[in-house]
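**Student:** The opening residue of the sequence shown carries number 727 in this note's numbering; numbering runs sequentially from there.
My questions will all concern the structure given below.
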Amino acid sequence: MNGGSTDVDGVGALNYQRALRIARNSEGDLNPDVGEYLERALNDIRGRLQQNPDSYILTKDEFAILNFYVYQLERHPEVEAAISRYWQQAQEPDRS
C-alpha cells in the first residue's frame, strides 16, 4: 500500500508521507484521490492491528497515518496499544 500509482500533482505516485503532506497543506477540499488513498491506508493498518492486536509494531509511516486520524481513533484500544508499543520501540537504544 505504501507504494501506489495514484498521481495527484504531477510529481509521481503517492506514498504515505506525500499523501499526508498534501492533506495537511490542503486549504479547503482535500483532493478525493488523496482522501481515498489515506482512508485505504488507514483501513490496511487497522486490519494488520486486528490480526495481531497485542504484538504489531507500527512503522514510522503507519504511525504518521494513525496520528493524522487520531481523533477518529479515540476509544479504539488496539490503536492506543499499538501507539504505545510504537513509542516504547522508538525509545529503545539502537542495537545495531
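For glycine and all other residues, C-beta sits at the position ideal for the given N, C-alpha and C.
Here's a check: name, in chain order, each residue in its chain whose Cβ is nearer than 6 Å to the Cβ of Ala807, leaving out the five neighbours to either side.
**Tutor:** none
**Student:** If you draw a straight line from the alpha carbon of Ala749 to that of Asn793, how long is it in whole angstroms?
**Tutor:** 13 Å
**Student:** Please report the distance separating the alpha-carbon of Tyr795 from that of Gly738.
**Tutor:** 24 Å
**Student:** Tell me which same chain residues have a C-beta within less than 7 Å of the C-beta of Ile771, skipping the five on either side of it?
**Tutor:** Glu788, Ile791 and Leu792
**Student:** When you compare each of Glu804, Ile809 and Ser752 to Pro779 by their alpha carbons, which one comes out closest?
**Tutor:** For Pro779, the closest alpha carbon among the candidates Glu804, Ile809 and Ser752 is that of Glu804.
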